[in-house]
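Here is the structure we will look at, set down as structure tokens.
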Amino acid sequence: DVKVTQSSRYLVKRTGEKVFLECVQDMDHENMFWYRQDPGLGLRLIYFSYDVKMKEKGDIPEGYSVSREKKERFSLILESASTNQTSMYLCASSLLSIPTDGYTFGSGTRLTVV
Amino acid sequence: AQSVTQLDSQVPVFEEAPVELRCNYSSSVSVYLFWYVQYPNQGLQLLLKYLSGSTLVESINGFEAEFNKSQTSFHLRKPSVHISDTAEYFCAVTFIKAAGNKLTFGGGTRVLVKP
Chain S
-14 DVKVTQSSRY
-4 LVKRTGEKVF
6 LECVQDMDHE
16 NMFWYRQDPG
26 LGLRLIYFSY
36 DVKMKEKGDI
46 PEGYSVSREK
56 KERFSLILES
66 ASTNQTSMYL
76 CASSLLSIPT
86 DGYTFGSGTR
96 LTVV
Chain V
-5 AQSVTQLDSQ
5 VPVFEEAPVE
15 LRCNYSSSVS
25 VYLFWYVQYP
35 NQGLQLLLKY
45 LSGSTLVESI
55 NGFEAEFNKS
65 QTSFHLRKPS
75 VHISDTAEYF
85 CAVTFIKAAG
95 NKLTFGGGTR
105 VLVKP
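Residue numbers (the numbering used here), protein chains in the order written: chain S, -14 to 99; chain V, -5 to 109.
See below:
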């Protein structure tokens, strides 16, 4: 089975800090995604990547950036954390660009910005 | 524009009763359809999917969903729920050759099974 591993389960950061959320997948998937999950809003796409060093904005990229230096690793960066970025962050990956098997998700990182 | 709507944010249901979770989408292109389940403090797991063929699809734990093209719906049902079905359920759609072929998610439906 594909595993998607998010390095932290819970994080507490201060307003203004630079925050790194790490995600690693172990099955050579081309495509990786970062979502945030908020009650009643479902999952909203922040950024995605179809290849190494390639990135594209999703629906809510403001305040975030990403890095994909290696195929298996996709990092989400909060340049200056704010309280409205308190949320659950989910990383996902897929083999195919048209995901006939859907996405495989990590367990999530619950970030609290104080 | 493509969108996915889950009509119920919360569904309380008694154990062994049936449950239906509604999902509608708007699209002018072909779609792939998915239901995911998220148990407390876990990530999302794929429950079932529709790509083509029979419009009724089933999961290994008793859920089923039916694709209705004319009504652009993909409702999820289970005839008899268990306490362990308490979770949040997400409908997701790939709008083929649109929206970058990415999954678009509904807002989620939280199912609380009561004894």
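Just so it is clear, CB atoms sit at the ideal spot from N, CA and C, and this is done for glycine as well.
Compare the C-alpha of residue i against each of the options and name the closest.
i                : options                                     : result
Val23 (chain V)  : V:Phe99, V:Leu38, V:Ala(-5)                 : V:Ala(-5)
Ala86 (chain V)  : S:Gly27, S:Val4, S:Ser(-7)                  : S:Gly27
Thr68 (chain S)  : S:Gln(-9), S:Arg(-6), S:Thr(-10), S:Arg(-1) : S:Arg(-1)
Thr88 (chain V)  : V:Trp29, V:Glu58, V:Glu9                    : V:Trp29
Lys38 (chain S)  : S:Met17, S:Glu47, S:Asp44                   : S:Met17
Val107 (chain V) : V:Gly47, V:Gly101, V:Val5                   : V:Val5
Check whether the Cβ atoms of residue i and residue j lie closer than 8 Å to each other.
i                 : j                  : result
His164 (chain V)  : Leu15 (chain V)    : The shown model of chain V, from -5 to 109, leaves out residue 164 (chain V), and the question about it has no answer.
Lys56 (chain S)   : Asp11 (chain S)    : no
Tyr83 (chain V)   : Val51 (chain V)    : no
Ile83 (chain S)   : Leu61 (chain S)    : no
Leu63 (chain S)   : Val(-11) (chain S) : no
Val(-2) (chain V) : Ile90 (chain V)    : no
Glu15 (chain S)   : Tyr(-5) (chain S)  : no
Ser20 (chain V)   : Thr66 (chain V)    : yes
Gly91 (chain S)   : Cys76 (chain S)    : yes
Pro73 (chain V)   : Pro34 (chain V)    : no
Within 8 Å of any Cβ in chain S, is that where the Cβ of residue i sits?
i               : result
Tyr26 (chain V) : yes
Asn95 (chain V) : yes
Ile54 (chain V) : no
Thr80 (chain V) : no
Ser3 (chain V)  : yes
Gly47 (chain V) : no
Leu50 (chain V) : no
Thr66 (chain V) : no
Establish whether the CB of residue i and some CB of chain V are separated by less than 8 Å.
i               : result
Pro84 (chain S) : yes
Gly27 (chain S) : yes
Tyr88 (chain S) : yes
Any idea which residues DSSP pairs residue i with across the strands?
i               : result
Asp23 (chain S) : S:Gly27
Ile83 (chain S) : In the DSSP output, where bridge partners are listed per residue, Ile83 (chain S) has none listed.
Asn16 (chain S) : S:Ser79
Quick check: is the beta carbon of residue i nearer than 8 Å to any beta carbon in chain A?
i               : result
Gln36 (chain V) : Protein chains in the displayed structure are S and V, and chain A is not among them.
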